[in-house]
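Single-structure report; data block below.
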Amino acid sequence: MAGCGATYESRYWGRDLKVVCVEKANIERSGAVAQGLYAINCYMGMQWDENQPEDHVRYARNDLMGLVREDLGYDIARHVDSSVHKFEEWGLPIMKDPETGRYLREGKWQIMIHGESYKPIVAEAARKAASEVYNRIMVTHLLMDEAKPNRVAGAVGFNVRTGDFYVFRAKAVIVCAGGASHIYKPRAVGEGMGRTWYAPWSSASAYALPILVGAKMTQMENRITLTRFKDGYGPVGAYFLHLKTYTENAYGEEYESKWYDHTKELVGDYIDRHPVPTCLRNHAFLEETKAGRGPIRMVTKEAFQDPHKEQVGWENFLGMT
1 MAGCGATYES RYWGRDLKVV CVEKANIERS GAVAQGLYAI NCYMGMQWDE
51 NQPEDHVRYA RNDLMGLVRE DLGYDIARHV DSSVHKFEEW GLPIMKDPET
101 GRYLREGKWQ IMIHGESYKP IVAEAARKAA SEVYNRIMVT HLLMDEAKPN
151 RVAGAVGFNV RTGDFYVFRA KAVIVCAGGA SHIYKPRAVG EGMGRTWYAP
201 WSSASAYALP ILVGAKMTQM ENRITLTRFK DGYGPVGAYF LHLKTYTENA
251 YGEEYESKWY DHTKELVGDY IDRHPVPTCL RNHAFLEETK AGRGPIRMVT
301 KEAFQDPHKE QVGWENFLGM T
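So the sequence shown is numbered by the UniProt record's numbering: it starts at 1 and just counts up by one.
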């Protein structure tokens with residue numbers, strides 16, 4: 001997604017430039033959104049005065065318990081609405097609230113989409129913008145300019161199908177690669193390894209490529225370690241926020257409150273914030289599992305008494321995993 005966006009923006013701001021997109025897989029179905037995504041997790045709604053960038057900075061500061069570059073968060077928040085409008089213009093179906101006509105929210109920040117084809121839609125825009133697209137090229141190293149210190153002058157990589165070696169010379173390089181998945185092996189059996197989200201094929205190129213040439217990395221103290229539920233393995237925002245499902249341990253018990261005192265000793269009043277920081281809810285999940293009362297299950301039977309919610313739940317599940 002980031003690479004396709006960078007390709008489109010490079011063409012928009014540089015009409016006469018040669019813009020090349022180099023991709024490890026195929027931009028049609030690559031990256032974290034390859035399998036689809038059923039929500040856009042950050043939309044301000046500034047046109048309706050729903051939220052402002054300052055609101056999102058406050059939310060992120062609380063959710064990350066202070067470990068946040070507020071300037072970077074603000075920059076993302078102030079641009080995100082126009083990006084979403086562009087996606088809709090390209091053909092992404094965004095669900096609408098039948099009463100207000102606005103985008104349908106599943107939570108304060110998220111809007112719901114029919115996102116099985118999210119990536120192909122954005123990839124089409126990138127293909128039209130690019131001078132050339134090189135698929136199946138695994139970039140392994142950035143090249144430094146011999147004449148100008150601290151300047152990246154290109155990249156090298158190989159074709160993952162044929163082994164052919166490629167050298168790209170460039171006046172500017174944007175690294176839009178993926179993070180690092182499966183640092184921790186999931187407890188799921190083998191069939192879950194390939195269906196988990198975050199994307200299992202992300203091999204940390206976004207970190208390795210810049211670090212190897214001496215780039216300054218920011219926010220590396222924040223790691224996203226996602227909890228995933230038995231049999232599903234996919235994102236669960238719509239289930240929690242829109243369908244109002246909940247979790248219980250293997251004995252059918254509510255467990256988060258058991259860890260309140262323990263967590264408060266660790267983090268103080270963060271456990272009393274609203275919303276409770278995501279990492280603290282995940283902490284209770286992990287501690288309950290370590291205590292031998294796992295697996296933790298997502299309870300859908302009550303929400304799915306409503307046929308409409310059951311349909312939304314299945315579409316959400318099948319459109320992402």
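Each residue gets a CB set at the ideal place from its N, CA and C atoms; glycine is no exception. Quantities reported herein were computed from a predicted structural model and do not represent experimental measurements.
Under a three-way DSSP split, which group does residue i fall into?
i	result
V80	helix
C4	helix
H141	strand
N282	helix
A172	coil
R293	coil
A155	strand
V167	strand
M220	coil
I183	coil
S10	helix
S203	strand
M95	coil
A303	helix
Considering only residues of the same chain and omitting the five flanking positions on each side of residue i, which have a CB-CB separation below 7 Å?
i	result
D49	none
M138	K24, G157, F158 and V160
M320	Q35, G36, L37, Y38, W197, G234 and P235
P307	none
D164	F158
A199	G31, A32, A34, G178 and S181
I271	Y260, T263, K264 and L280
Please identify the residue among the options whose C-alpha is closest to the C-alpha of residue i.
i	options	result
L209	N222, V156 and F229	V156
I296	Q305, F285 and F304	F285
Y118	P93, C279 and A206	P93
E221	Y207, E89, T227 and I40	Y207
T247	R293, P275 and E99	R293
H182	R105, H56, S203 and T162	S203
G232	V299, D16, Q305 and A215	V299
F317	Y184, H114 and K86	H114
E146	V213, G5 and V84	V213
A291	G313, D272, W259 and L266	W259
Y134	H141, N150, L280 and N26	N26
K86	A60, A126 and E116	A126
I211	V312, I271 and H141	H141
L143	L72, Y184, A215 and G73	A215
R102	M44, V312, K18 and I224	M44
G268	L17, E28, M65 and A60	M65
K185	T225, T162 and N150	T225
How would you write the range of the beta strand (DSSP E) that residue i sits in, first residue to last?
i	result
Y239	Per DSSP, Y239 belongs to no beta strand (DSSP E) and is neither H nor E.
E248	Y246 to E248
V20	V20 to V22
V213	V213 -> no beta strand (DSSP E), and no H or E assigned at all.
Identify, in the order they occur along the chain, each residue of the same chain with its Cβ nearer than 6 Å to the Cβ of residue i, setting aside the five sequence neighbours on each side.
i	result
Y255	N249 and E288
A129	T7, Y8 and R11
G179	S202 and A206
N282	T227
E88	I94
Considering residue i, what are the terminal residues of the alpha helix (DSSP H) in which it resides?
i	result
L318	P307 to L318
V122	Y118 to A129
S133	Note that residue 133 is Val in the sequence shown here, rather than Ser. Per DSSP, V133 belongs to no alpha helix (DSSP H); it is in the beta strand (DSSP E), E132 to Y134.
K264	Y260 to V267
E256	Per DSSP, E256 belongs to no alpha helix (DSSP H) and is neither H nor E.
N62	P53 to D63
Given residue i, which residues of its chain have a CB within under 8 Å of its CB, disregarding the five upstream and five downstream residues?
i	result
R69	T218 and Q219
T278	D63
C42	H56, I76, A77, V80, W109 and Q110
I273	In the sequence as displayed, the identity of residue 273 is Arg instead of Ile. Excluding sequence neighbours, R273 sits near N62.
E315	Y38 and H114
Is it true that the CB of residue j sits closer than 7 Å to the CB of residue i?
i	j	result
T245	Y239	yes
M46	D81	yes
V167	V152	no
I111	I40	yes
C176	A2	yes
R15	P53	no
L241	E106	yes
A123	C4	yes
R169	G154	yes
K309	L266	no
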